[in-house]
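Step one of this worksheet: look at the structure below.
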Amino acid sequence: MSTIDLPLLPLGKGRDLDAERGVECPGDLPAASDPDLVERARAAKAALGDRLFVLGHHYQRDEVIQFADVTGDSFKLARDAAARPDAEFIVFCGVHFMAESADILTSPTQRVVLPDLAAGCSMADMARLRQVEDAWEAMADAGIQDSVVPVTYMNSSADIKAFCGRNGGVVCTSSNAEVALDWAFAQKPDAKVLFLPDQHLGRNTAVLQMGIALEECVVWDPRQPGGGLTAEELAGARMILWKGHCSVHGRFSEHVVDELRAKHPGINVLVHPECKHEVVLKADLVGSTEFIIKTIEAAEPGTVWAIGTELNLVKRLADAHPDKTIVFLDRNVCYCSTMNRIDLPHLVWALENLAAGQVVNQITVDPETEADALVALQRMLDLPGKSHRD
Ligand code: SF4
Numbered sequence: 001m002s003t004i005d006l007p008l009l010p011l012g013k014g015r016d017l018d019a020e021r022g023v024e025c026p027g028d029l030p031a032a033s034d035p036d037l038v039e040r041a042r043a044a045k046a047a048l049g050d051r052l053f054v055l056g057h058h059y060q061r062d063e064v065i066q067f068a069d070v071t072g073d074s075f076k077l078a079r080d081a082a083a084r085p086d087a088e089f090i091v092f093c094g095v096h097f098m099a100e101s102a103d104i105l106t107s108p109t110q111r112v113v114l115p116d117l118a119a120g121c122s123m124a125d126m127a128r129l130r131q132v133e134d135a136w137e138a139m140a141d142a143g144i145q146d147s148v149v150p151v152t153y154m155n156s157s158a159d160i161k162a163f164c165g166r167n168g169g170v171v172c173t174s175s176n177a178e179v180a181l182d183w184a185f186a187q188k189p190d191a192k193v194l195f196l197p198d199q200h201l202g203r204n205t206a207v208l209q210m211g212i213a214l215e216e217c218v219v220w221d222p223r224q225p226g227g228g229l230t231a232e233e234l235a236g237a238r239m240i241l242w243k244g245h246c247s248v249h250g251r252f253s254e255h256v257v258d259e260l261r262a263k264h265p266g267i268n269v270l271v272h273p274e275c276k277h278e279v280v281l282k283a284d285l286v287g288s289t290e291f292i293i294k295t296i297e298a299a300e301p302g303t304v305w306a307i308g309t310e311l312n313l314v315k316r317l318a319d320a321h322p323d324k325t326i327v328f329l330d331r332n333v334c335y336c337s338t339m340n341r342i343d344l345p346h347l348v349w350a351l352e353n354l355a356a357g358q359v360v361n362q363i364t365v366d367p368e369t370e371a372d373a374l375v376a377l378q379r380m381l382d383l384p385g386k387s388h389r390d
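Right under this line is the structure:
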């Protein structure tokens, strides 16, 4: 097994950079208890004016989202950033792979800043380039590589998107995964798809939207020789699912769905396709964060909803729709720990540094990776139509 470069760790600001790589904030990070944080953020934003564009992912904290110029999912935000070529600084309140995508889709003169470099994504970290290249070679040895089309979820690092670009593949989002899989299967006779890095989105889309049999989906475990699969299993598969998952959406369970249905007859269960297949099978509706928001906005007053996605978004939806009953599909608190790394002190620290002429925590993708990743992203942008779940 190859040596794997380790992902960023979701740990606190500290001096032990061996244990807490990438989390140093040069200069003074304001204390969370500073009563002037909101005013300081406002003042720094005002000082930067149109030179600054702040993007806020739906899963961000309220204290941060209040300063976002625009909110959305990762792909919408990257496109919003590209549509503001006049903005010199793009402050991305989200996680690392999102800031990379914004850097790829914006002009070379625009600078993308992630307020805390420890805001990674555990799912994206589950597929490292070296692991994927090893898998690709193993598929060549197994005699199937020529028929495999790689498809990566937006929630992956830039070098995985670039791998897909170099190898005839495409990027997809949770809104257009079905269209992307249709495209991939049309690329070669008897095509197989290597789906990265979220096995659940891949399985749910293949089985529930495209009618592929569950037995035709196999899981490639990068920690096992040959992915832990036999030559026969690989030969018989149509979907080779990378063994990755979202640590937030992976927590929801079918038992809680049963409990809520018993407690609230008539409840509507609405989940994200990153949830496990067993949970999605028990849900009434499944779709992206944008789909979840639109569904709740369009719901009748008095209706009852259980939502399976990140808690910051569910809480905001509940607050914004007091005429509907909205509950969280888990017994425990279920925030995304890395998304929540971006807090008001880090945002103030980043904005004040920019206002003082210092660019901190800039996210840059090297030109070669960017060019290959753009190929895969462009293939996605060229896909026909849009999913009904967008
Ligand atoms: S919610 Fe899941 S997929 Fe999204 S950033 Fe957090 S760990 Fe990654």
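Here the UniProt record's numbering is used: the first residue of the sequence shown is 1, the next is one more, and so on. The beta carbon of each residue, even a glycine, is placed where N, CA and C say it ideally should be. None of these values were measured; they are calculated from a predicted model.
- Assignment of beta-bridge partners to MET239 by DSSP yields VAL193, CYS217.
- If you draw a 10 Å sphere on the C-beta of GLU216, you find fewer than 16 other C-beta atoms in it, and that means exposed.
- DSSP, reduced to helix, strand and coil, places ARG128 outside both helices and strands of the structure shown, so it counts as coil.
- Residues GLY227, GLY228, LYS243 of the same chain have their beta carbon placed closer than 7 Å to that of ASP221, with the five preceding and five following residues left out of the count.
- Exclusion of the five residues before and after GLY165 leaves ASP372, ALA373, VAL375, ALA376 as the residues of its chain whose Cβ lies within less than 6 Å of its Cβ.
- Contact between SER175 and LEU201 does not hold, since the beta-carbon distance rounds to 11 Å and is not under 8 Å.
- Residue side-chain check: SER175 keeps its Cβ at 7 Å or more from all non-hydrogen atoms of the ligand SF4.
- Taken through DSSP and simplified to helix, strand or coil, LEU48 comes out as helix.
- As the crow flies, the alpha-carbon of HIS264 is around 18 Å from that of VAL314.
- Between the C-alpha atoms of LEU117 and GLY266 there is a straight-line separation of about 43 Å.
- Beta-bridge pairing by DSSP links GLN362 to VAL113.
- Between VAL91 and GLY120, the C-beta spacing is not below 8 Å.
- In this structure, HIS200 has its CB at a distance of at least 7 Å from all heavy atoms of the ligand SF4.
- Where PRO345 is concerned, the enclosing alpha helix (DSSP H) starts and stops at 344-355.
- A check of alpha carbon separations from LEU77 across MET154, ALA306, GLU254 identifies MET154 as the nearest.
- Counting C-beta atoms within 10 angstroms of its own C-beta, ASP34 has fewer than 16 neighbours from the protein chains shown and is therefore classed as exposed.
- Counting C-beta atoms within 10 angstroms of its own C-beta, LYS188 has fewer than 16 neighbours from the protein chains shown and is therefore classed as exposed.
- A distance criterion of 7 Å places the beta-carbon of HIS58 beyond contact range of the ligand SF4, judged by its closest non-hydrogen atom.
- Here DSSP, grouped into helix, strand and coil, assigns ASN268 to strand.
- Under DSSP, THR230 forms no beta bridge with any residue.
- Its Cα nearest to that of PRO345, the residue ARG61 stands out among PRO367, ARG61, ALA46, HIS57.
- In this structure, the alpha-carbon of HIS249 lies about 9 Å from that of PRO273.
- If you draw a straight line from the Cα of ALA299 to the Cα of GLU88, it comes to about 39 Å.
- In the three-state reduction of the DSSP assignment, ALA306 falls in the strand class, which pools E and B.
- Below 8 Å, too few C-beta pairs join the segment 95-111 and the segment 127-134 to call them touching: fewer than three.
- Counting the other Cβ atoms within 10 Å of the Cβ of GLU278 gives fewer than 16, which makes it exposed.
- Leaving aside the five residues that flank LYS282 on each side, the residues in its chain whose CB is nearer than 6 Å to its CB run, in chain order, GLU254, VAL257.
- Listed by position along the chain, the residues with Cβ atoms less than 7 Å from a non-hydrogen atom of the ligand SF4 are TYR59, VAL95, CYS121, SER122, MET123, ALA124, ASN155, CYS246, SER247, VAL248, HIS249, GLU274, GLU310, CYS336, THR338, MET339.
- Under DSSP, the beta-bridge partners assigned to VAL91 are VAL54, VAL113.
- A straight-line Cα-Cα distance of about 32 Å links GLU178 and ASP319.
- Of the residues assessed, GLU39 falls on the exposed side of the cut-off, its CB having fewer than 16 other CB atoms within 10 angstroms.
- Sorting VAL219, ASN204, GLU232 by C-alpha distance to the C-alpha of LYS276 places ASN204 at the top.
- For the pair TRP349 and ASP190, the Cα-to-Cα distance works out to about 53 Å.
- Comparing C-alpha distances from LEU48 to each of ALA355, MET210, VAL70 shows the shortest one belongs to ALA355.
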